[in-house]
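Count the sequence shown with the working numbering and you get residues 5 to 359, in order.
For reference, the structure is listed below as C-alpha cells.
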Amino acid sequence: MGKEIRLAIVGVGNCTSALLQGLAHYRAAGPGESAGIMHPDLGGYLVTDIRPVAAFDIDARKVGRDLAEACLAPPNNAYRLPGVTLSSTGVRVQMGPVLDGVPEHLKGLVEVHQGEPVDVVRALREAEAEVLLNCLPTGSALAARHYAEAALEAGVGFVNGMPELIVCDPAFSRRAAEHKVPLVGDDVKSQLGATIIHRALIVAMLNRGIRIRKTYQLNYAGNTDFLNLVHRGESKELTKTEALTSMIPYEAEVSPGFAYIRNMQDRKTARFYVEAVNFGGAPLEIDAKLEVEDSANFAGTAADAIRCCGVARDRGVGGVLEAASAYLMKHPPVPMPDEEAHQRLEEWLAGRRER
5 MGKEIRLAIV
15 GVGNCTSALL
25 QGLAHYRAAG
35 PGESAGIMHP
45 DLGGYLVTDI
55 RPVAAFDIDA
65 RKVGRDLAEA
75 CLAPPNNAYR
85 LPGVTLSSTG
95 VRVQMGPVLD
105 GVPEHLKGLV
115 EVHQGEPVDV
125 VRALREAEAE
135 VLLNCLPTGS
145 ALAARHYAEA
155 ALEAGVGFVN
165 GMPELIVCDP
175 AFSRRAAEHK
185 VPLVGDDVKS
195 QLGATIIHRA
205 LIVAMLNRGI
215 RIRKTYQLNY
225 AGNTDFLNLV
235 HRGESKELTK
245 TEALTSMIPY
255 EAEVSPGFAY
265 IRNMQDRKTA
275 RFYVEAVNFG
285 GAPLEIDAKL
295 EVEDSANFAG
305 TAADAIRCCG
315 VARDRGVGGV
325 LEAASAYLMK
335 HPPVPMPDEE
345 AHQRLEEWLA
355 GRRER
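If you want it as C-alpha cells, here you go:
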C-alpha cells in the first residue's frame, strides 16, 4: 500500500509475541494470505503495514534487547507459529516506569531491571511513533494511566488492550479529541474468544424467545495474564460482566470466573453455561467449551485496532473511535450489539461516519 503505521508497544509479553509472530507470518506469506485476518485491507492498510518502532518493559531479560528477542524471553510462553522466524527489528526495548506493574504474586516471575526509566513522551517522539498499544498486565492502573497520558502529550494514538477504564474516562477522551489523538478501548475483545461467543449465544437465545435465568463463563490458562487475573482480576471481571449484561434486557445472574493452570501455558479453555427456559417454562441448558491460543486471539483484534487508529490519524479524527471500540473492545464507551458495531465500523471505514 506504500504507507506504514509506526507502532510503539508497552508490555513485551505474550500478546506482543503473538502480534510480532503474526506480522512475520503474513510478510513471509505475501499479500494473498488473509486467513485469520478480520480486515485484510483496513482503510488502505494491510497488517504488514504495521511497523514497531518503540517498545517498553521493566523485565531485565527484555530491556536492552532487540524486540524480536525480547518477546520470546521468559516468562513468555506464547504459541510459536510453525516456520516463523523473527528477524531483528532494530528496536531496543526501553525501561519503563515500574509503578504498580509488579504485584506481589508476580515478583517470582519478573526480574525488574535496575536501570532508570526513560522519559516515555520523549521516547515516543524520537521514535516518531503514531500509535501506542497498551499490553500491560491487568490491574496496572497507575502504569496504564502513565502511558496513556504520555501518548496524549506526544500526540500518539492510543489502543488500550487491558481492562483499565481509560478510553471510557470522559475527561481523558475529551482531551484526546481536542488534541486529535484517536482512542480505541477499553480491553481487547478477542478475535473469537469467550466474550464474542457468549454474546452470540445470548443474541440467538433472545431472538428465539428464550428466557435466560443465569449464565456463567469460566476461563483458565497457564500464562502470566491468568496468574495475574486470579489475584487482580476486578477490572477484567467488570468488563466481562458488562459485556454480557449489556446484551440482556432484563435481570439475569451473570458470573465470569478465572483460574490459573500453569501447565496449560498460553492455551486457554473457556466454558460457557446457560440456564434458561423456553416454551411453557420448560428448562433448557447449554454447556459449551472453547479452546484457543490466548495471545494470538488478542493479536488478531489488536491488528485491526492499531490500523483503525492509523486511519483516524490520516483523517484528522481524534477522541474515541466509537464504532471500532464497540466492535473490538469488551468495555467501549458506547456499547452496542456486535452486529450493529460491525455495520457501523464498515460505514466508518467507508467514510460515512466520523467515528
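We put the beta carbon where it would ideally sit given N, CA and C, even for glycine.
- List in chain order: all unbroken beta strand (DSSP E) runs of 3+ residues lying wholly within the region 228 to 274. Segments of the beta strand (DSSP E) lying fully in the region 228 to 274: 257 to 264.
- For LEU46, does the three-state DSSP call read helix, strand or coil? Reduced to three states, the DSSP call for LEU46 is strand.
- From the DSSP output, in three-state form, read off THR20 for me. Note: THR20 maps to helix in three-state DSSP.
- Query: Taking the C-alpha atoms as reference points, what is the distance between ASP270 and ALA263?
  - Reply: Rounded to the nearest angstrom, the gap between the Cα atoms of ASP270 and ALA263 is 13 Å.
- Message: Classify LEU231: buried if its beta carbon has 16 or more other beta carbons within 10 angstroms, exposed otherwise.
- Response: That one is buried.
- Cβ pair GLU132, ALA148 closer than 8 Å: Not a contact, by the Cβ cut-off of 8 Å.
- Per DSSP, cross-strand counterpart(s) of ASP63: VAL116, per the DSSP bridge assignment.
- Which two residues bound the contiguous alpha helix (DSSP H) that contains GLY304? Bounds of the alpha helix (DSSP H) holding GLY304 are 298 to 319.
- Thinking ALA82 and ASN18 are a contact (beta carbons under 8 Å), I'd like their distance in whole angstroms, please. Sure, about 4 Å apart at Cβ, within 8 Å.
- Message: Our contact map puts SER363 next to PRO339 with C-beta atoms below 8 Å; I'd like the distance itself, whole angstroms only.
- Response: Residue numbering for the chain in the displayed model covers 5 to 359; residue 363 lies beyond these limits and cannot be assessed.
- Report yes if the C-beta distance between ALA247 and HIS335 is below 8 Å; otherwise report no. It is a contact, given that the beta carbons lie within the stated cut-off.
- Identity of the residues DSSP links to ASP70 by a beta bridge: DSSP output for ASP70 lists ARG96 as bridge partner(s).
- Message: Just to check my reading of the structure: PRO79 and THR228 have Cβ atoms closer than 8 Å, yes? What is that Cβ distance to the nearest angstrom?
- Response: Contact holds; Cβ gap of about 6 Å.
- Item | Delimiting residues of the beta strand (DSSP E) encompassing VAL135 | Its beta strand (DSSP E) spans residues 135 to 138.
- Task: Output yes or no for whether 8 Å exceeds the beta carbon distance between LEU222 and GLY261.
- Result: Yes, the Cβ-Cβ distance between LEU222 and GLY261 is below 8 Å.
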